[in-house]
Structure formats: C-alpha cells, structure tokens
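Novice: In mature numbering (1 follows the signal peptide of the UniProt record, and there is no 0), the protein residues as written are -39 to -1, 1 to 783.
Before I ask anything, let me first share the structure, which is written out below as structure tokens.
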Amino acid sequence: MVMGHPHMNIRRRLACQASAVALTASLVTTFVPIVPAQADDYTITSPELAPYTIFSNDNLTITSTGSAPQVQATSVISSNLLNDGTIDNTSGVGFVLNSGTMGTISNNGLIQGSSNGAELKSGTVSSFVNAGTIKALGNAGLDLASGTSIDNLENLSTGLITGDSSGLQMNNASIGTLTNAGTISGSRYYGVFGYGTISKLDNSGLISGRTGIYTNGTIGALVNSGTITGSKYGIYKSGNSSTISAFDNSGLISGANAAIRIDSGAIGTIANTGTVQGDINIVTGDNIVFTGGSGGTIGTLTGYNSGSTGNINAGNVAFLSGAILLNDNVTASSGSGSVINSAELHVNSGVNITGNYIQKSAGSLVIGVSSASDYGKLVISGTAALNGTVTIVEISTGAISVGDSYTIVDATGSISGSFSSVSITGNSFTTIVSGTQYTVSITSGSSGSTPIWETAGNQAGQGSLGQALDTLSTQSEYGNLLTRIRVLSSEGQSHALQQLAPNITAGKMSNTLALSGPVTKAVEARQVAQHDFGASKGVAAGSPAATNGLWGQVLGGHSRLDGSATDGGYAANYGGFLIGVDHKPTANTSAGVAISWLNGKSKGSDASSGQSTDLNSYALTFYGKWRPDGQSLYFDSELGAAYDRFDQSRNIDVSGDVASAEYSGQHYNARLGAGYDIPLSEGTTLTPISTLRYSYVRSESYDETGAGVANLHVDSNNFDSLEGEIGARISQDIDTSFGAMTFDAKAAFVHDFTNSPVSVSASLGGVGFVSSSDKPAENGVRLGLGSTLFAEGGLSARLQYDGDFRSDYVSHSGMLMLRQAF
C-alpha cells in the first residue's frame, strides 16, 4: 500500500513500464505538466510489486512492513529516502541514483540487489546513513560510479555493507567523510575499494575482505580504532598519485601477505598505538616513519600469526617518538639504509636489521629478558651508532642472575658511540663493547628468587593472578604483554594486573542483591498495598470487594558500591517492569504470581575500572500472605527464579584490547517475613516487621574473545546470600477527593550472615587462578516511603521509594504500580 500524492501511481508506472518506450514517452508528455513542483511525501506500508521512482524533490518512506523490488531517484533536488523495510531486486540493483542530488538516505532495513545493493550512477548525496543491511549478491554492496559523491557516509554499529565482490566500491568518485562503526566487507575482493578521494576514513568497526582497504586515489586521513583485516592484505595502496596523508591506528590492522603494502604513491607518518599484525612492505623503497604510544600504551609491530615475527621492508625506517614494541625484522633500502630510533623501542626477542642502526639521544632501547638465552637484541648487518638509554627488564622470575651476560647489540660492521645510561632494577652490572658487540654482564645484585609477578599481584590485590603470570612469563607469547606491564610505575602495574583479572561487576551486582532486589521490593510493595484494609477502602469508595487483581509495575533505580585501590566497585542503573495477578482464596489469605523483566547496566570503578556489564533478567515469582484468624499478626512469603543473560567487557589499557563475553546464569530467592499491626489512633498503624531472605546465584562458564593472550576462561561460579532484616513500618490513612489514600514509611536494620568475599575461578593461558573481592558491609539500614491510592472500580495505584544504605554501598529504587481488582 502506497500513501501520498495521487500522481504517485503514474510515477510507479513510469518505472515499471520502462520497457514500453513509446507508452512511457506518452505518459511523460501527458502527465508531467500537472505534477506539482512542491515536495511530495510518499509512504510504502505494504509489499509493492512494481519499482518506484523518486522525481524532483519528492521524499519516500518505506515502513517496516513495506517493501519494493527497486527504488530509483532521477533528476532529484534534495530528495530524501527513509527505508525501514525492504528493497530487494532479484534481477538488478536495489537502489539507484540516476541523476540529481539526494539530501539524506537513511537505511534501517534491507537494501539488496543481485548486482549492486545500492548504486550511484550520477549525482550526489549529502548524507547516507546505514543502520541496516546493504547487500550485493553479485558485485558491490554500495557502488559509486565516476563523478558521483557522498558528503557524509556513515555506517552505524548495527550497519552492514557487504558484497560478493566488495563492500564499498568507488570508481573515480569521492566521499567527504566515511565513518564506519559497523561492518564493511567483501567476500571475494575488497572491503573498501577506493579509486577516488576520501577526505577522511574513520573506522571503529570492521573492514574486511581479501584486502581490507584498497586505495588507488587519495585518503586525506585514515583513522582506525577498530579492525582492518584481509586474508591477503590489510591495506593495499597503488597508483603513482595515490596518497594517505595522515595515518592513525589505535586498533588492529592485519593481513596474511602484508598488513600494509604500498606499491606506489606517498604515505605519511604511521601513528600506531594499536597493533599492526603482518608485514609492512613499502615496495617503492620510500622512507617510513612510525610513532608509538604514551602513558603506558605501546604500539605493536608484529607478525601475522601468534608468536611469529613480521617484516618491514622500506627505505630508511624511523621510530620517531612514543613507545613501540618491535617484533618485526627490518630491511632498510635493501641493506644500504638505516633504522633510526628516537623513540622508546621495546625488543623482547632477536630482531634482525638489514642495514644500519642509529639511536639518537632521545631514543631508548628496552630489552625484555625471559631467560639467559631468551632476551631481546638487535642483530645488525651494517653499523651501529649508539646514544640514548637502555633499560633491561626482567620478564620472568630469576631470568636475570649474577653471572649472566646479554649481548643486546650485535653488528656486523662497527659500533660507534655508547648508550648514555643502562639500567637494570636491583642489579649491578658492567658493560662491554668488544668490536661489533655491546654486552651487559650482571656482576652483583638480586638473585632473582622473589617472584616478580606474585609480588606485583599482591600489591594489586591479585596475588593468585600474579602466581599465574610467573608461570606464564617463560612463554614467549606473553613476553610482549608482560614487558609492557614491567616498564610501568608501581601504580601502573597494579592497574594493569587488575585489568587482567576477571570482570567482577556481575558478581558484585549478584551479591548486593541488584539482581533479585528490585523484583523483591516490587513484590513487597504489592503486599503492602494488599494490606487487609485495602479491600474495605475499595468498598468505601463505592466498589464491591474483589477477590482477584491484575497489576503491573514499572521500576527503576541506581546502586553504587564503593571500591578501593585493590578492590573493585561499580555503579549500576536498572529499569524494568512486572505483571502480576493475585487471588484471595479466603478472607485471611492471598496468593499471587508475577513475571518480570529487568535490564541493568553497570560500570566498574576503582580496581574494576574499565569493566562493564549489561544484564537482562527474566523472573517468575510466587508470593503470598496469611493473617491467622484475621488478627494483627501476619506472615508473608516469596519464592522466585530467574534466567539471567550477561554481556560484558573488560578493557585492557596496557595492550589497547577489550575482552568480551556473553554468558547466562540463574538466580533463585526465597523470603519469609512477619509483622504485627498495632493501631495507634484512627487511621494510624505501627507495624514491627522482620524478614529473612536467601538468594542463590549461579553464572555459567565462559570464554572471552578480543584480547588475544589476555583472554580468560572463567569457570562457572555460585554465590549465596542470607540476610536478616528487623524494623518497623508506620502507615496513615486519609480520605481525598480522588479516593482513600494510605501513606507509609519503613525503617529497618539489615545484617548479612554470609559476608565472605566473592571468589571467581579463572584461567589465563591454561594456568588457573582465583580472583577475590569483598562484599558490601554486612550491616546497614533500609528505608522506604510509599503511598497507595484506592480509586473507584477496584483500581489502585502505588508509588514507592526504597533505599539501602551501608558504609560502602548505597541503592535507590523507585516504582509505580497499578492494580485492577475484579
């Protein structure tokens, strides 16, 4: 179904009857004069069999229930297309811009074609935003023909631009800014094929193909904080006039043949604070300049496969500034050039330099030592000119011992100059320059018996993890990570080790009752509103007493657990709803059942900074209340079970990685409470209350992804909590013009009988360890304020606030409940 201007059907026929040339010409001649010049808005709300063409300054919207086999835009002037539905052409292109200027193209649905998904044949687009799927079964997901342009192309995190050949294909076209937070991929060739100009390419998502990005044109600025990867090449540049002016990588660039290949044209300084995984080939023989990270961040240049060494082939190679981990052999001008270091260059294994090595006064060489025979060194085919500093870092316990010698520079030619300073923590040493070798010998100092990483782990509150790192420190694949940590300050090392530990925000939320607490409070609120005098108030308001009720409740809240330098805290926000039904089988008893959904988002703090957890919890709860013989004494109870789904991440600042995991869990809770109503005056009641609550939480095992050697396997874990609460509630009844109303306030002392630390068992690189953190303080106070309004027709509404206050923990929650009796 199409809604809009009455002449729209003519426009559809113009598109679908293109094969009838004479008839089409007749229709155009006959009807074009009567089409109004102002913009017309059209909406497709159901499947359409015929293609649709946008003319002039028309706007088209396809809703989520609408579809069309093709949409074309011809001679347009600032027209807009919004697709929430489906454009699917099984014998051509899904969307085509034939000519003119489009204002905004926004796709939240599917645009698909058997050749290209979307195609610009001629014309320009001001803004093209994709949050859905643009797909080509035969060629390119999005194809830009010669002379076409897009001012701003944005692929959002949910967006996919993909094609059998390429994701994005440019043929002498131009893009102002290309921003990708989603996925751009080509199955057979290129993620992005850029023949033309891209002023800025900003990628925080995934660009992949046989070649991630191929450019034979101009990229003004290439900024990557995501992943650019190819089964052959990550980035491939060709064309004598092609350029990449600014190159900033804080993510991952990888390729099996080469991560970066420059066949021709110019490339600016590569600012790398992330990882370049694979060879770097500057086939032109031009010079290449690298800068690295700062503040504990180290840019990594390494081989494609884990543990392998890569290769850099270029003219002169300069490491200009910042911290850089070099795990690539370097060939400079086929051996006649130089590697020039003015940066902080980390080397953990033997690196071959074919050419000369020059270290400037600002340069620093950081040598990682795993053992007397496994350490970083430079093997140079030419000469070495030394200046600046050297730092030798012990990666594994006992790796540096008295009597050990380390030849850190071995040059076939001569060695000139000397390092201005050499440092080895806790050791005395001598340096020997013998012809073509620079050797450091340990003459006295620590025997190396104190476990390096266990000591650092104890300072960070992660002693067990430290013991695991001591075991792993002899494995070469952990050398790069551990060297990065060892060169940090004591505080920096503690922070890094805390970020290597498991994400504990989910466990903390579980044990502060952030999982079951909101639902329990909601059920308690229902039971308060269900107090026996509520029925009489309904009768007084003109409604007959009812034995059944359907109720719903929305809730939201915030909780915060304070942490410390060695123990993580968190801040969480949550919201959700409950739907319940209850029944009074007798005058003195009631029972009910409720289903609920709760969504929570938490961020770690202090020792857990960088951790985040998203939670979706689905619960079934049974509840009841009994007042023996209708007296003042009553008992209430609750029994619930829930399925939990966690989506969590753990930032590792020292490597720039993010470890992610999705897993499930369950939690169960039981509550038994009692109260005794004491009338103080007409309409005023004081009720001493006591409650015992038990919760059991289980999380399933999971494996993290995204952080390489820092990924963890986390075992399934069980936690429980037993809390007692004693206090009082006071309520006041009043009559209003809206109906009878009750105000109540509650204060109670709470004590946790199971206040032992939360322990999580995990393994890193197959080596197990336990990470523990404290629960909130065992004693605290709970406060509550609420009001219930009883209206006519058995309708009631309740608004309630609850607060939980402890020395290191605070929680606030609010809820609104509506109930209809019947």
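For glycine and all other residues, C-beta sits at the position ideal for the given N, C-alpha and C.
All figures in this text were calculated on a predicted structure; none of them were measured in a lab.
If contacts are defined as beta-carbon pairs under 8 Å, then Asn277 and Thr292 qualify, I think. What distance do you get, rounded to the angstrom?
Specialist: Contact doesn't hold; Cβ gap of about 11 Å is too wide.
Novice: Under 8 Å: do the region 712 to 728 and the region 752 to 763 share three or more Cβ pairs, one atom per stretch?
Specialist: no
Novice: Whose C-alpha, out of Asp694, Val670, Asp597 and Tyr604, is nearest the C-alpha of Ile650?
Specialist: Asp597
Novice: Would you call the region 386 to 395 in contact with the region 424 to 431, where contact means no fewer than 3 C-beta pairs closer than 8 Å?
Specialist: no
Novice: DSSP three-state call for Ala217: helix, strand or coil?
Specialist: In this structure, Ala217 counts as coil in the three-state DSSP scheme.
Novice: Counting only the same chain and skipping the five closest in sequence on each side, list residues whose C-beta sits under 6 Å from that of Val333.
Specialist: Looking at the sequence shown, residue 333 is not Val but Ala. Once the five neighbours on either side are set aside, the close Cβ partners of Ala333 are Asp365.
Novice: Tell me Asp614's beta-bridge partners as DSSP assigns them.
Specialist: Asp614 is not bridged to any residue.
Novice: Within 10 angstroms of the Cβ of Arg780, are there 16 or more other Cβ atoms? Answer buried if so, exposed if not.
Specialist: With 16 or more Cβ atoms within 10 Å of its Cβ, Arg780 is classed as buried.
Novice: Which residue comes first and which comes last in the beta strand (DSSP E) that contains Glu80?
Specialist: Ala79 to Leu81
Novice: Can you grab the Cα-Cα spacing for the pair Thr172 / Ser225, in whole Å?
Specialist: 17 Å
Novice: Please determine, among Asp567, Thr373 and Thr350, the residue with the shortest C-alpha to C-alpha distance to Ser342.
Specialist: Thr373
Novice: Relative to the alpha-carbon of Asp713, which residue among Ser282, Val619, Glu739 and Ser135 has its alpha-carbon at the smallest distance?
Specialist: In terms of Cα proximity to Asp713, the closest of Ser282, Val619, Glu739 and Ser135 is Glu739.
Novice: Could you give the uninterrupted runs of the beta strand (DSSP E) lying entirely in the region 142 to 190, keeping only those of 3 residues or more?
Specialist: For the region 142 to 190, whole beta strand (DSSP E) runs of length 3 or above, ordered along the chain, are 144 to 147, 151 to 164, 167 to 176 and 179 to 185.
Novice: Is the distance from the Cβ of Val330 to the Cβ of Glu355 below 8 Å?
Specialist: Result yes, Cβ atoms of Val330 and Glu355 sit closer than 8 Å.
Novice: Roughly how many angstroms lie between the CA atoms of Thr386 and Ile353, to the nearest whole one?
Specialist: 8 Å
Novice: Given the structure, does Gly235 come close to the ligand GDP, in the sense that its CB is under 7 Å from one of the ligand's heavy atoms?
Specialist: In the structure on display, the ligand GDP does not appear, and there are no ligands present to speak of.
Novice: Under 8 Å between the Cβ atoms of Ser569 and Gly510?
Specialist: Going by beta carbons, Ser569 and Gly510 fall outside the 8 Å limit.
Novice: Given that a residue counts as buried once 16 or more other Cβ atoms are within 10 Å of its Cβ, and exposed if not, what is Glu686?
Specialist: buried
Novice: Looking at Leu121 and Val153, is the spacing between their C-beta atoms short of 8 Å?
Specialist: no
Novice: Is it right to say Arg149 is buried, meaning 16 or more other beta carbons lie within 10 angstroms of its own, or is it exposed?
Specialist: Counting Cβ neighbours within 10 Å, Arg149 comes out exposed, since fewer than 16 surround it.
Novice: Give the secondary structure of residue 785 by DSSP, where H, G and I count as helix, E and B as strand, and everything else as coil.
Specialist: An answer regarding residue 785 cannot be provided, because it is not within the stretch -39 to 783 covered by the chain.
Novice: Quick one: measure Cβ to Cβ for Gly99 and Ser127, integer angstroms, because I've assumed they're closer than 8 Å.
Specialist: That belief does not hold up - the Cβ atoms of Gly99 and Ser127 are roughly 11 Å apart, past 8 Å.
Novice: What number of angstroms, rounded off, separates the C-alpha of Gly108 from the C-alpha of Ile196?
Specialist: 24 Å
Novice: I want to know whether the region 55 to 65 touches the region 37 to 47 - three or more CB-CB distances under 8 Å.
Specialist: Flag = yes, the region 55 to 65 and the region 37 to 47 touch.
Novice: Taking the C-alpha atoms as reference points, what is the distance between Asn50 and Asp2?
Specialist: Asn50 and Asp2 have their C-alpha atoms spaced approximately 23 Å apart.
Novice: Using three-state DSSP, classify Ala106 as helix, strand or coil.
Specialist: coil
Novice: Short check: CB of Gly644 to CB of Gln592, under 8 Å?
Specialist: no
Novice: Candidates Gly124, Ser625, Gln627 and Ala701: which alpha carbon is nearest Leu756's?
Specialist: Cα-wise, what sits closest to Leu756 is Ala701.
Novice: Which stretch, first to last residue, makes up the beta strand (DSSP E) that contains Ala708?
Specialist: Gly700 to Asp713
Novice: Quick one: what's got a C-beta closer than 6 Å to Ile231's C-beta in the same chain, skipping five residues either side?
Specialist: Phe208 and Phe251
Novice: Let me confirm a value: Arg487 is counted as buried when at least 16 other C-beta atoms fall within 10 Å, else exposed. Which label applies?
Specialist: buried
Novice: Mapping the DSSP letters down to three states, classify Leu779 as helix, strand or coil.
Specialist: strand
Novice: Applying the criterion that 16 or more other CB atoms from any shown protein chain within 10 Å of the CB defines a buried residue, is Tyr535 buried or exposed?
Specialist: Buried: at least 16 other Cβ atoms inside 10 Å.
Novice: Please identify the residue among Gly424, Ile691 and Asp575 whose C-alpha is closest to the C-alpha of Phe607.
Specialist: Asp575
Novice: From what residue to what residue does the beta strand (DSSP E) around Asp2 run?
Specialist: Asp2 to Ile5
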